[in-house]
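Below: the structure, in structure tokens.
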Amino acid sequence: MVPISILDLAPIVQGGTAAEALNRALDLAQHAERWGYRRYWLAEHHNMPGIASAATAVAIAHVAAGTSTIRVGSGGVMLPNHAPLVIAEQFGTLESLFPGRIDLGLGRAPGTDPLTARALRRGHANSADTFPQDVMELQAYFRPAKPGQGVQAVPGAGLSVPIWLLGSSLFSAQLAAALGLPFAFASHFAPDLLHDALEVYRSEFRASPTLKRPYAIAAAAVFAAQTDALAARLFTSLQQSFVNLRRGTPGPLPPPVDSMEGLWTRTEREGVDHAFSEAIVGSQSTVKRGIEAFVKRTGIDEMMATAAIFDSSARLRSFELVAEAVIGSSQPGGAPLVAPDYNRAGAP
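Per our numbering, the very first residue in the sequence shown carries number 426; after that it's consecutive.
Structure below.
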């Protein structure tokens with residue numbers, strides 16, 4: 426099996442707080458480190474009552490400070506919301522504090538609604554249209570400063586911070602290939618172009634000083650429990666949350682229900698089923714088969730699992746079952762099950 430990692434949005438559950446969500450994120454990361462997961466990424470979203478990772482760099486620092494070996498990063502930072510220099514300084518600071526453990530994943534979507542995007546940008550011209558130029562500017566800030574260079578990232582200049590491009594379309598796949606960067610596809614909610622994007626990325630990839638051959642991650646929702654039925658019940662929290670988002674009424678993550686009947690229309694159900702068509706939900710054996718099939722079908726170099734589960738203990742158990750199935754038998758405490766190998770297949 427390929428390495429497996431975790432994508433977390435630090436979900437705020439109904440009746441819970443952002444502080445609890447961020448502490449749950451740290452708790453999960455600490456367990457993931459012991460279980461042998463390769464990396465733990467947090468995603469930037471704004472004006473979302475159910476997501477606590479808006480200040481992504483701050484959340485990364487919180488998780489990295491409480492762990493010691495697992496890679497921690499962004500999945501991703503929405504670059505159009507920020508000046509490249511600010512991100513270089515933030516992640517240069519993180520790399521200085523936690524050397525050799527920080528990943529910088531970049532997305533070109535706003536991670537929010539148009540009104541909030543305007544509030545974030547305050548009329549600045551940066552947008553998805555300038556994303557390629559912004560990525561290259563950000564790369565330049567991480568190179569060693571040249572004599573007479575007017576603007577430097579301090580800290581940041583001369584530091585090795587792996588940059589990943591994230592996307593759900595062909596655009597970021599093409600850009601990652603052109604720049605010789607690793608690529609991660611958001612198939613956990615936008616599966617339509619998964620195979621096309623991976624094909625474009627691999628066929629158009631140009632080697633770079635940081636990556637000699639293509640390295641691709643694909644994400645999927647993975648919910649594991651003792652039985653298929655129990656896992657399906659856990660999954661209803663995400664289904665409800667997605668319906669609420671599509672209705673324009675996002676909120677905290679709701680508790681699971683025995684049945685979604687009466688909670689969605691036929692059209693909404695079809696939309697949810699389509700968005701999560703790559704989701705892997707079931708018992709440990711079901712999840713193991715699903716992950717193996719997903720990896721074989723996509724040929725990815727690494728898989729990223731995500732799961733918005735209401736109950737903290739059920740969420741931990743879900744990721745533990747995945748680790749047991751994919752990485753090996755879990756061990757309470759101690760070192761990771763698999764020694765981290767961050768340079769596998771040329772990956773940062």
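Positions of the beta carbon are idealized from the N, C-alpha and C atoms, including for glycine. Quick caveat: nothing in here was measured; it's all calculated off a predicted structure.
Setting aside the 5 residues that flank it on each side, residue 627 is surrounded in the same chain by 639, each with a C-beta closer than 6 Å to its C-beta; the list follows chain order. Under the three-state reduction of DSSP output, residue 750 falls in the helix class. Listed in chain order, the beta strand (DSSP E) runs fully inside the segment 607-661 are 608-610, 641-650, counting runs of at least 3 residues. For residue 457, the secondary structure class from DSSP, reduced to helix, strand or coil, is helix. For residue 709, same chain residues with a beta-carbon under 7 Å away, outside a window of 5 residues either side, are 649, 746, 749, 750 in chain order. Considered as a whole, the segment 474-560 harbours 496-503, 527-532 as its complete beta strand (DSSP E) runs of no fewer than 3 residues, in chain order.
As DSSP reads the structure, residue 430 sits in a beta bridge with 729. Pairwise C-beta distances place the segment 723-743 in contact with the segment 657-669, as three or more of them are shorter than 8 Å. Considering only 616, 532, 729, the residue with the shortest C-alpha distance to residue 426 is 729. For residue 642, the closest alpha carbon among the candidates 676, 664, 623, 455 is that of 623. Rounded to the nearest whole angstrom, the C-alpha separation of residue 684 and residue 655 is 12 Å.
Counting other Cβ atoms within 10 Å of its Cβ, residue 690 stays below 16 and is therefore classed as exposed. Across the structure, residue 677 and residue 631 are spaced so that their CA atoms are roughly 42 Å apart. Counted as a single uninterrupted DSSP element, the alpha helix (DSSP H) harbouring residue 716 occupies residues 709-723. Across the set 497, 472, 699, 475, the C-alpha of 497 shows the shortest separation from the C-alpha of residue 483. Ranked by how close their Cα comes to the Cα of residue 465, the residues 674, 583, 491, 442 have 491 in first place. Using a Cβ distance threshold of 8 Å, residue 608 and residue 601 count as a contacting pair.
Between residue 452 and the set 647, 489, 561, 574, the nearest pair of CA atoms involves 489. In the assembly as shown, residue 442 is an exposed residue. Its beta-carbon has fewer than 16 other beta-carbons within 10 Å. A residue is called buried when at least 16 other Cβ atoms come within 10 angstroms of its Cβ; residue 718 does not meet this threshold and is exposed.
Per DSSP, residue 678 is not a residue of any alpha helix (DSSP H), being assigned neither H nor E. The shortest CA-to-CA distance from residue 450 to any of 433, 577, 545 is the one to 433.
In this structure, residue 428 places its C-beta atom within 8 Å of the C-beta atom of residue 727. Cα atoms of residue 716 and residue 731: separation of roughly 13 Å, rounded to the nearest angstrom.
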